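K.L.:
Residue numbers (the numbering used here), protein chains in the order written: chain G, 14 to 169; chain R, 14 to 169; chain P, 47 to 154; chain X, 47 to 154. Where a beta carbon is used, it is the ideal one built from N, C-alpha and C, also for glycine. Values in this document were obtained by computation on a predicted structure and should not be read as measured data. Here you go, one structure.
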Amino acid sequence: MTDTTGRQGDHAACAPDRLEGTLPSHPKYLPLVRAITVEAAELAGIETETARHLMLAITEAWSNVIRHAYHNAEDQRIDFRFEASPGELLIEIEDHATWVDPSRIASRPLDQIRPGGLGVHLIQSTMDDVAYTRNEHGGTTLRLVKRVAPAEDPTS
Amino acid sequence: MTDTTGRQGDHAACAPDRLEGTLPSHPKYLPLVRAITVEAAELAGIETETARHLMLAITEAWSNVIRHAYHNAEDQRIDFRFEASPGELLIEIEDHATWVDPSRIASRPLDQIRPGGLGVHLIQSTMDDVAYTRNEHGGTTLRLVKRVAPAEDPTS
Amino acid sequence: MKITHETEGTAAIFTVCGQVDMHTSPELRGSLRKALEGRATPLVVDLGQVSFIDSSGLATLIEALQAVGRYGGKLRLCGLAPDVRKLFDLARLSTIFDLRDNRDAALK
Amino acid sequence: MKITHETEGTAAIFTVCGQVDMHTSPELRGSLRKALEGRATPLVVDLGQVSFIDSSGLATLIEALQAVGRYGGKLRLCGLAPDVRKLFDLARLSTIFDLRDNRDAALK
Ligand SMILES: Nc1ncnc2c1ncn2[C@@H]1O[C@H](COP(=O)(O)OP(=O)(O)O)[C@@H](O)[C@H]1O
Ligand SMILES: Nc1ncnc2c1ncn2[C@@H]1O[C@H](COP(=O)(O)OP(=O)(O)O)[C@@H](O)[C@H]1O
């Protein structure tokens, strides 16, 4: 998102090996977020079934930002970064709301059957690492990592 | 890409009604760019056939940046913006290379059958507006506009 | 997401197509509400053409399950693709719902 | 993109599947090169499972057309989906290629 690298006019800032972007906090963008996830997973050599689990985790995480960080405001910004490296896919989702104590971020007990309160559980059971940290905007960054058995890179 | 809006800690910068992002100049990202295009077109209420034409125009424009602006270097940055408003979809593709005189950007005559030299023609016959301008990074920004008959917004 | 609705005697059948998430589940909830108000039973939700469902979709189905329970009706889900079925497992919901293979089995 | 390759007498048949763009067309070019070196005729490229093709894919096919011409062979494309066919029209290439409905028609 930030570009602090020097610019020499010619062939300036070197691109990171990742997709960075910003979308408004409107739930209508969720299919787009999932489409990006599927393609990023394919680039990272992640098999289809795992990619479907990723779609779910990203959807839950993104929805939580809309609901709990932005209280359903539809015009706030959500920054995201997908970074594929051999053996893992890193996804960061960043809000500009307030910092929430991660100990307060938890789903209901699973044996208690009621609507809602499943998202965080689904994120945790799908991803290898889940970390909430305070970001430079005073909001929360959710860092999700999925590790995969390193496969040969089909693109090289 | 740039974030110069003031930040008040709480509910800071207002999101633009668009997707902004950055990808490396490697051709392996083209399917991802097309996936984003398809979803953005759907959000703009663009019908499937037109969306397929858009996929082609974006692919040609993106490939030209890799080939002609970055001379096939795969680690340079390409910034993009999709902006859907009622009746039109705006797409901007921005390189950090050098500014090229737009009069030099043209395809071969169509009746001259040889490989290559079709991209700009395909972009122009698909999009309503095509404009190359010099950007703040000293490179070229390609601004593409597709206008559509305004339909009812299915999301509101 | 698209929803079509049919009735057969006291039964109501909803066929859901596409992706169910926070953006589309309110529409699903709204469709089901009418059948719940009419005390339809069995209330059949055919998920055979659903390619994705998130926790808001599951929440909507749990609400419906609780609502039919209140008037002594039955909720049946059918046609779940393996991917969608896996999600029910992940949320440990496969056992609380009455999952049927197809519509005919769900109407019996 | 995936390519499979068969031979039938002097004919070579390539079945292309997926998206052909700047990233994948070099692989298509490489596959066709071997058949061109062996002077295969007719050289059949089945595009029935191609969902997308860009100008680099078209360029690859024009190169192949010119190469078969040099040894007096024939290039035939078949199975184009309407979307892909439209692209050939857009590039005014529908008339310079020998487009056939299906593989059988392309091998005749
Ligand atoms: N991004 C977030 N910002 C602030 N609070 C959050 C966030 N994500 C989750 N939470 C908190 O964790 C709780 C559990 O979330 P979840 O399991 O997704 O269920 P639900 O969203 O249905 O309540 C939420 O109710 C909320 O209090
Ligand atoms: N983004 C760009 N930057 C610099 N030059 C460009 C760019 N796009 C196109 N051009 C110029 O326009 C010409 C025609 O482009 P195109 O029709 O796509 O055919 P091709 O890329 O096969 O040459 C290119 O050869 C190049 O000189």
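Could one say the Cβ of I142 of chain X lies closer than 8 Å to chain R's Cβ atoms, at least one of them?
P.N.:
Residue 142 of chain X sits at position 96 when you count from the first residue of the fourth sequence. Cβ-Cβ to chain R under 8 Å: yes for I142 of chain X.
K.L.:
Scan the stretch 38-101 of chain R and note each continuous alpha helix (DSSP H) run of 4 residues or more that stays entirely inside, going in chain order.
P.N.:
Listed in chain order, the complete alpha helix (DSSP H) runs (minimum 4 residues) inside the stretch 38-101 of chain R are 43-56, 61-77.
K.L.:
So E109 of chain P contacts chain G; which residues on that side make the cut at Cβ distance below 7 Å?
P.N.:
The sequence position of residue 109 of chain P within the third sequence is 63, counting from 1. Within chain G, the residues near E109 of chain P are P128.
K.L.:
Name the chain R residues that come within less than 8 Å of A48 of chain G, Cβ to Cβ?
P.N.:
Locating residue 48 of chain G in the first sequence gives position 35, where the first residue counts as 1. A48, I49, V51, E52, listed in chain order.
K.L.:
Pop quiz: D67 of chain X and P99 of chain R are said to be a contact at Cβ under 8 Å. What is the actual Cβ separation, rounded to whole angstroms?
P.N.:
As a position in the fourth sequence, residue 67 of chain X is number 21, starting the count at 1. As a position in the second sequence, residue 99 of chain R is number 86, starting the count at 1. Actually they are not in contact, since the Cβ atoms of D67 of chain X and P99 of chain R sit about 31 Å apart, beyond 8 Å.
K.L.:
For D87 of chain R, which option in R:F95, R:E96, R:N77 has the closest C-alpha, if you only look at C-alpha atoms?
P.N.:
As a first step, residue 87 of chain R is located in the second sequence; it is residue number 74 there, counting from the start. The question names Asp, yet the displayed sequence has Glu at residue 87 of chain R. It is R:N77 whose Cα lies nearest to the Cα of E87 of chain R.
K.L.:
Taking the straight line between their C-alpha atoms, what separation do you get for A127 of chain P and S116 of chain G?
P.N.:
Counted from its first residue, the third sequence places residue 127 of chain P at position 81. Counted from its first residue, the first sequence places residue 116 of chain G at position 103. Going from the Cα of A127 of chain P to the Cα of S116 of chain G covers about 35 Å.
K.L.:
Could you say which of G:T50, G:R156, G:A74 lies nearest to L131 of chain G if we only look at CA atoms?
P.N.:
To locate residue 131 of chain G, count along the first sequence from 1; it is residue 118. It is G:A74 whose Cα lies nearest to the Cα of L131 of chain G.
K.L.:
With contact counted as at least three CB pairs below 8 Å, one residue from each stretch, are the stretch 100-114 of chain X and the stretch 128-148 of chain X in contact?
P.N.:
With the cut-off at 8 Å, the stretch 100-114 of chain X and the stretch 128-148 of chain X touch.
K.L.:
R122 of chain P: buried (16+ other C-beta within 10 angstroms of its C-beta) or exposed?
P.N.:
Translated into positions along the third sequence, residue 122 of chain P becomes position 76. With 16 or more Cβ atoms within 10 Å of its Cβ, R122 of chain P is classed as buried.
K.L.:
Quick one, are the C-beta atoms of I91 of chain G and I49 of chain R less than 8 Å apart?
P.N.:
Indexing the first sequence from 1 puts residue 91 of chain G at position 78. Indexing the second sequence from 1 puts residue 49 of chain R at position 36. Result no, Cβ atoms of I91 of chain G and I49 of chain R do not sit closer than 8 Å.
K.L.:
Q65 of chain X touches chain R at which residues, Cβ-Cβ below 7 Å?
P.N.:
By one-based count along the fourth sequence, residue 65 of chain X stands at place 19. Near Q65 of chain X (Cβ distances below 7 Å), the residues of chain R are P44.
K.L.:
List the endpoints of the continuous alpha helix (DSSP H) containing L145 of chain P.
P.N.:
Against the third sequence, residue 145 of chain P aligns to sequence position 99. No alpha helix (DSSP H) holds L145 of chain P; the beta strand (DSSP E) holding it covers 144-146.
K.L.:
Hey, would you say the C-beta of T153 of chain G is under 7 Å away from at least one heavy atom of ligand 1?
P.N.:
Mapped onto the first sequence, residue 153 of chain G falls at position 140. The answer is yes for T153 of chain G.
K.L.:
L136 of chain X touches chain C at which residues, Cβ-Cβ below 7 Å?
P.N.:
Among the protein chains of the structure shown, namely G, R, P and X, there is no chain C.
K.L.:
Return the CA-CA distance between G58 of chain R and A162 of chain R, expressed in angstroms with no decimal places.
P.N.:
Here the question's residue 58 of chain R lines up with position 45 in the second sequence. Here the question's residue 162 of chain R lines up with position 149 in the second sequence. C-alpha separation (whole angstroms): 9 Å.
K.L.:
Let me know if A119 of chain G comes out buried or exposed under the rule of 16 or more other beta-carbons within 10 Å of its beta-carbon.
P.N.:
Position 106 of the first sequence, counting from 1, holds the residue named residue 119 of chain G. The residue is exposed, with fewer than 16 neighbouring Cβ atoms inside 10 Å.
K.L.:
Please report the distance separating the alpha-carbon of T111 of chain R from that of G151 of chain R.
P.N.:
The residue you call residue 111 of chain R lines up with position 98 of the second sequence. The residue you call residue 151 of chain R lines up with position 138 of the second sequence. Roughly 6 Å separates the two Cα atoms.
K.L.:
Tell me which same chain residues have a C-beta within less than 7 Å of the C-beta of D141 of chain G, skipping the five on either side of it?
P.N.:
Start at 1 with the first residue of the first sequence, and residue 141 of chain G comes out as number 128. If we look at D141 of chain G and ignore the five residues flanking it on each side, its Cβ neighbours are V158, K159, R160.
K.L.:
Closer than 7 Å to a non-hydrogen atom of ligand 1 - does that hold for the CB of H33 of chain P?
P.N.:
Chain P is shown only over 47 to 154; residue 33 of chain P falls outside these bounds and no answer can be derived.
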